[in-house]
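J.:
What follows is the structure, given as structure tokens:
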């Protein structure tokens with residue numbers, strides 16, 4: 002059988018489909034930007050595409066309706082629920098049967114606009130691992146002509162530096178000396194090695210701090226000469242197309258030959274693009290960016306370094322490496338200078354990674370001598386607790402619900418997404434705020450079509466508001482009797498009903514029973530992890546709760562307390578600390594002592610493994626109820642037929 006020609010628009014990318022391949026298979030292989038939460042199993046409804054039938058002279062193709070396989074039952078189900086829009090197909094369900102032109106709509110692309118992760122302020126003395134040293138070498142003569150590298154070493158010794166010279170730096174040395182009257186700037190790393198030479202007027206060096214999250218990448222570029230933050234940006238992690246959460250990506254590696262290399266290549270290319278774009282935006286030469294310090298959970302850490310994460314997908318979750326890592330940037334293909342170095346913070350163990358140690362570094366002073374818990378909420382929640390001189394950490398499998406995934410109307414945090422919710426207990430009607438919009442709106446607002454869905458903080462607030470208004474009971478069951486005109490029947494599930502958050506004509510934004518359960522599972526897993534650490538350290542009362550990460554940045558402490566994700570917490574002790582993981586990387590980038598401190602501190606952290614703790618399930622079940630909701634209606638006892 003011959004391969005069929007495939008064109009993806011608006012990219013204009015041309016490729017071919019082998020017999021039996023779906024549109025999703027072809028897109029994944031060709032690196033086309035398309036959303037998928039379920040990894041192409043027809044479960045999430047995100048990979049929506051449109052086929053352009055007819056004659057396409059530009060591409061030399063004629064496309065007919067039967068050039069894709071017929072629609073499937075799962076597509077029909079998504080269409081009935083209003084998830085799959087008219088005229089669209091799911092890329093993972095549509096097999097290519099002929100030449101096709103496939104359009105990827107903006108809402109189906111994984112690299113949509115997202116909210117930049119907010120950083121916390123870092124307050125450390127500027128002492129980066131690289132520094133510039135300007136030296137003037139003596140003019141050699143026939144009686145005394147030391148090698149120029151030796152002359153550099155001698156000149157730097159007069160500045161109090163005992164160094165060697167990296168042979169890779171030598172080609173640049175003599176041309177600079179010849180053109181600049183024997184003056185040269187030496188780039189000295191760790192006070193011990195010259196890694197590059199620069200012309201005398203090159204007065205600035207730059208470095209980058211990088212947070213590799215499961216969902217997004219956050220980049221901060223600093224001028225290492227003065228400590229100024231010159232650029233920051235965030236982008237979707239390109240690995241998202243292989244699965245929404247960590248375990249789905251590990252599964253992809255296990256089930257697909259070369260899967261680890263694909264995931265590694267995707268994230269490295271994404272980082273390389275961010276670095277190039279960031280340097281261009283800041284007006285600096287990328288060759289002047291010589292240090293990159295990154296953090297990430299263990300799976301992200303290993304994949305970025307080119308290490309298979311397979312062992313992290315099965316007990317005992319063995320890491321390949323726990324310690325601080327330094328390696329040449331050239332080994333990762335990031336487009337940086339040959340003198341550039343990449344470093345990674347140490348990991349604790351299991352699924353507690355460098356993102357956790359980075360966040361902890363920013364809060365050590367705050368946590369020392371107090372009973373405090375630091376929580377970084379994402380698809381996996383990393384938790385660190387301090388008490389009476391001891392520190393313990395664990396990871397809890399919250400899943401992607403807090404980031405809008407697994408939610409029927411869920412979207413990532415981007416303009417048009419619902420991020421704030423208020424519900425009138427008397428009427429059951431909701432008002433919402435959208436990202437990028439300052440006004441509160443309800444059903445009566447104009448242009449409700451601009452609402453894209455509900456992001457993580459939106460569904461978080463919606464559930465607390467529904468509990469407060471009695472629209473769900475303490476067990477999480479929907480209570481249609483509390484506001485009958487705000488509930489509609491779910492046609493596929495008989496009498497199961499959905500709460501209408503915003504009555505958008507033709508496509509209401511709803512909260513389903515499954516949505517409630519997804520949030521319950523996530524919040525119970527997080528609460529169970531916190532309680533395990535409390536048990537381990539003997540904690541009964543917390544002095545402070547610190548919420549980190551992109552999701553945590555958007556939360557209101559009142560709602561955090563109301564939903565019960567941290568047992569016993571009150572709004573007044575909850576603090577938002579921003580992207581602490583990324584700022585931990587920035588501290589290590591700009592201050593050498595911070596590196597030493599986190600290396601030493603990590604060795605003292607006690608690891609608690611939630612997967613093997615017998616009490617995890619008990620704590621999980623205990624954390625399922627919504628504490629502010631009314632009690633569930635009592636179940637009537639039925640008499641036995643034999644009484």
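In the numbering used here, the protein residues as written are 2 to 644. A virtual CB, placed ideally from N, CA and C, is assigned to each residue, including glycine.
1. At what residues does the beta strand (DSSP E) containing residue 221 begin and finish?
2. Which ranges does the beta strand (DSSP E) cover as unbroken runs of at least 3 residues, wholly within the stretch 581-610, from first to last along the chain?
3. Alpha carbon to alpha carbon, what distance is there between residue 529 and residue 630?
4. List the DSSP bridge partners of residue 418.
5. Could you give the first and the last residue of the continuous beta strand (DSSP E) run that contains residue 519?
6. Give me the DSSP bridge partner(s) of residue 396.
7. How long is the line joining the alpha carbons of residue 545 and residue 252, rounded to whole angstroms?
8. Indicate the three-state DSSP secondary structure (helix, strand or coil) for residue 268 in the structure shown.
9. Under three-state DSSP, which class holds residue 628?
10. Using the Cα positions of residue 250 and residue 574, report the straight-line distance between them to the nearest angstrom.
11. Opposite residue 137 in the DSSP bridges: which residues?
12. Under three-state DSSP, which class holds residue 232?
13. Does residue 545 come out as helix, strand or coil in the three-state DSSP assignment?
14. Starting from residue 560 and walking both ways along the alpha helix (DSSP H), at which residues does that stretch end?
15. Among 84, 16, 447, 47, which has the Cα closest to the Cα of residue 32?
16. Would you kindly work out how many angstroms separate the C-alpha atoms of residue 628 and residue 478, rounded to a whole number?
17. Would you give the residue range spanned by the beta strand (DSSP E) that residue 342 belongs to?
18. Quick test of the definition: if touching needs 3 or more C-beta pairs under 8 Å, does the stretch 213-230 touch the stretch 265-283?
19. Over what stretch of residues does the alpha helix (DSSP H) that includes residue 60 continue unbroken?
20. Grab the span of the beta strand (DSSP E) containing residue 243 for me, first residue to last.
21. With 16 as the cutoff for other CB atoms within 10 Å, does residue 448 come out buried or exposed?
22. Less than 7 Å between C-beta atoms, sequence neighbours within five positions excluded: which residues of the same chain meet that for residue 1?
23. Applying the criterion that 16 or more other CB atoms from any shown protein chain within 10 Å of the CB defines a buried residue, is residue 116 buried or exposed?
24. Which value, in whole angstroms, describes the spacing of the CA atoms of residue 331 and residue 338?
25. According to DSSP, what are the bridge partners of residue 375?
26. Of all the options 324, 375, 87, 149, which has the alpha carbon lying nearest to the alpha carbon of residue 550?
27. Could you have a look at residue 209 and say whether DSSP puts it in helix, strand or coil?
28. Considering Cα atoms alone, identify which of 613, 568, 587, 578 is closest to residue 355.
29. Using the C-alpha atoms, what's the distance from residue 393 back to residue 537?
30. Rounded to whole angstroms, what's the CA-CA distance from residue 113 to residue 238? Just pull it up for me.
31. Check each candidate in 312, 409, 428, 214 and name the one with the smallest Cα separation from residue 296.
32. In chain order, what residues of the same chain lie with their CB nearer than 6 Å to the CB of residue 93, ignoring the 5 residues before and after it?
33. So which of 100, 70, 188 has the shortest CA-CA distance to residue 91?
34. Taking all protein chains shown into account, do 16 or more other C-beta atoms lie within 10 angstroms of the C-beta of residue 180, making it buried, or fewer, making it exposed?
35. Under the DSSP definition of a beta bridge, which residues are partnered with residue 296?
36. I'd like the list of long-range same chain contacts for residue 633, defined as Cβ closer than 7 Å, with 5 residues on each side in sequence excluded.
T.: The short version:
1. 217-224
2. 606-608
3. 20 Å
4. 454
5. Here residue 519 belongs to no beta strand (DSSP E); instead the alpha helix (DSSP H) covers 514-538.
6. 383
7. 37 Å
8. helix
9. coil
10. 36 Å
11. 184
12. strand
13. strand
14. 558-564
15. 16
16. 13 Å
17. 342-345
18. yes
19. No alpha helix (DSSP H) holds residue 60; DSSP gives it neither H nor E.
20. Segment: none, residue 243 is in no beta strand (DSSP E) and carries neither H nor E.
21. exposed
22. For residue 1 there is no data in the structure shown, the boundaries of the chain being 2 and 644.
23. Reliability fails at residue 116, whose pLDDT of 41 lies under 50, so the model's placement of it is uncertain and the value that follows must be treated cautiously. Result: buried.
24. 8 Å
25. 385, 547
26. 375
27. strand
28. 587
29. 8 Å
30. In this predicted model, residue 113 has a pLDDT of only 44, less than 50, meaning its place in the structure is not dependable; the value taken from the coordinates is given anyway. Residue 113 and residue 238: Cα-Cα distance of roughly 11 Å.
31. 214
32. 23, 25, 41, 43, 48
33. 70
34. exposed
35. 212
36. 474, 475, 476, 478
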